[in-house]
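> The number in my numbering is simply the position in the sequence shown, starting from 1, with 894 added. All C-beta atoms, glycine included, are put in the ideal place defined by N, C-alpha and C.
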Amino acid sequence: MLNVRQIEAFKAVIETGTVSRAASRLCVSQPAISKMLQNLEYDTGLALFERSPGRVRPTGDALLLFEEINRLYRGLDRIEIAASDIRNMKGTMLSVGVMPALSTGFIQDLVMEYQSSNSAARLALHARSTVKIVDMLISGSLDIGVSSHPIDDPEIEHIALDSRPYVCVMPRGHRLAERPALCPADLEGERFINFTPTSDLRAQVDELFTRAGVQRDIITEASMAPSICAMVARGLGVALLNPLYLGAFSELVVCRPFAPTVSSEVRLLLPRHRPRTSQVKRFVELALAHAESLGPALAPPPASATKTAAELR
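(1) Pick out the complete beta strand (DSSP E) segments inside the stretch 1053-1097, 3 residues or longer, and give them in chain order.
(2) Under 8 angstroms: do the stretch 1049-1060 and the stretch 1153-1167 share three or more Cβ pairs, one atom per stretch?
(3) Which class does residue 869 belong to by DSSP, given the choice of helix, strand or coil?
(4) Count the CB pairs spanning the stretch 921-930 and the stretch 899-909 that are closer than 8 angstroms, and state whether there are at least three.
(5) Which value, in whole angstroms, describes the spacing of the CA atoms of residue 998 and residue 958?
(6) Just verifying my parser: in three-state terms, what is the DSSP assignment at residue 1010?
(7) Does the Cβ of residue 898 have 16 or more other Cβ atoms within 10 Å, making it buried, or fewer, making it exposed?
(8) Compute the Euclidean distance between the alpha carbons of residue 1086 and residue 1121, then round it to the nearest angstrom.
(9) Is residue 1031 near residue 1053, with beta carbons less than 8 angstroms apart?
(10) Under the three-state reduction of DSSP, which class applies to residue 1193: helix, strand or coil?
(11) Flag this pair as yes or no: are the beta carbons of residue 1064 and residue 1018 separated by less than 8 angstroms?
(12) Leaving out five residues before and five after residue 934 in sequence, what residues of the same chain have Cβ atoms less than 6 angstroms from its Cβ?
(13) Return helix, strand or coil for residue 1111, following the three-state DSSP convention.
(14) Flag this pair as yes or no: are the beta carbons of residue 1005 and residue 1160 separated by less than 8 angstroms?
(15) Could you compute how far the alpha carbon of residue 1178 sits from the alpha carbon of residue 971?
(16) Determine the DSSP secondary structure at residue 987, reduced to helix, strand or coil.
(17) Note down, in chain order, each residue of its chain lying with its Cβ closer than 8 angstroms to the Cβ of residue 896, except the 5 sequence neighbours on either side.
Below, the structure written as structure tokens:
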């Protein structure tokens, strides 16, 4: 069988023109080079050199073999470049799926931190439903998912990022914005923008007001949080939302703590049986650090508001 040292000796002799210079390049003796060449000729069954006192001259077959070896070494060079690109996150694309509710603020901040940490990093962002994100993770179309919806799939691994209670979101200048905290009774008859009945949280939100005996004026429904945020910002009504859903709308609305309330947990989703690349590991590290930097949720309601909420339960 051919070995790497034979090929290196052969390549060095062709490139330097003599056995002595080849030996100097490889830091071995001339007899060692000559022996490796002889073994190479024996193993390949080819006459590779014409020998005369003090010199060797490659045969035509040797030059053909040298061309093939050069192609091999160029391939090795490409492998080294590829390894360097992977190490430096250059030229490879990280695919991240995010639920629409988190696509207008939370994820942009995280992407900015990811790319700021390495200007060569490339990332493709896909806003999809959580069900679709799970399908794409399992099929290999996505590397990472970000969602606050509950997932129960043995193929998906969860990494918790942030959990916080829903708050009451209202237009700037709304009469309830003067209050430090709110409870269901405060929204009696209030124009309310709700999630559609197919939403995971719709039933939980409705149950809060049912137990409190409070009737809201549900003027419209939307399946996605960005739509609800936009309608609240335009003054169409109030809503209960995870404050992380506000994103670019945070400057256009007012948030107040609400009790009793529901909460949701933002998680990273990863395919359980696929090894993590260095890109994925880096994104996970930054996501955890970013979540920690967000700080606590809005301050809890004062005792008086909490007591009122408790009485209504």
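So, from the listed chains and residues:
(1) 1061-1065 and 1085-1089
(2) yes
(3) In the structure as shown, the chain begins at 895 and stops at 1207. Residue 869 is therefore absent and cannot be evaluated.
(4) yes
(5) Within the sequence shown, numbered from 1, the residue matching residue 998 stands at position 104. Within the sequence shown, numbered from 1, the residue matching residue 958 stands at position 64. Taking the straight line from one Cα to the other gives about 59 angstroms.
(6) As a working mapping, residue 1010 is identified with position 116 in the sequence shown. Residue state, collapsed to three classes: helix.
(7) Walking along the sequence shown from the start, residue 898 turns up at place 4. Classification for residue 898: exposed.
(8) As a working mapping, residue 1086 is identified with position 192 in the sequence shown. As a working mapping, residue 1121 is identified with position 227 in the sequence shown. Near 13 angstroms, if we compare the C-alpha coordinates of residue 1121 and residue 1086.
(9) By one-based count along the sequence shown, residue 1031 stands at place 137. By one-based count along the sequence shown, residue 1053 stands at place 159. Not a contact, by the Cβ cut-off of 8 angstroms.
(10) Here residue 1193 is taken as the residue at index 299 of the sequence shown, counted from 1. Any reading at residue 1193 must be qualified, since the residue scores a pLDDT of 39, below 50, and its modelled position is unreliable; the value itself is stated next. Coil, per DSSP.
(11) Start at 1 with the first residue of the sequence shown, and residue 1064 comes out as number 170. Start at 1 with the first residue of the sequence shown, and residue 1018 comes out as number 124. Not in contact: residue 1064 and residue 1018 (Cβ atoms no closer than 8 angstroms).
(12) Working through the sequence shown from its first residue, we reach residue 934 at position 40. Result list for residue 934: 900 and 904, in chain order.
(13) Position 217 of the sequence shown, counted from the first residue, corresponds to residue 1111. DSSP places residue 1111 in strand when its eight states are reduced to three.
(14) On the sequence shown, residue 1005 is found 111 positions in, with the first residue counted as 1. On the sequence shown, residue 1160 is found 266 positions in, with the first residue counted as 1. No.
(15) Position 284 of the sequence shown, counted from the start, is the residue given in the question as residue 1178. Position 77 of the sequence shown, counted from the start, is the residue given in the question as residue 971. Their Cα atoms are separated by approximately 31 angstroms.
(16) As a first step, residue 987 is located in the sequence shown; it is residue number 93 there, counting from the start. If DSSP states are grouped into helix, strand and coil, residue 987 belongs with the strands.
(17) What you label residue 896 is simply residue 2 of the sequence shown in a count that begins at 1. Within the same chain, residue 896 has close Cβ partners 934, 937 and 938.
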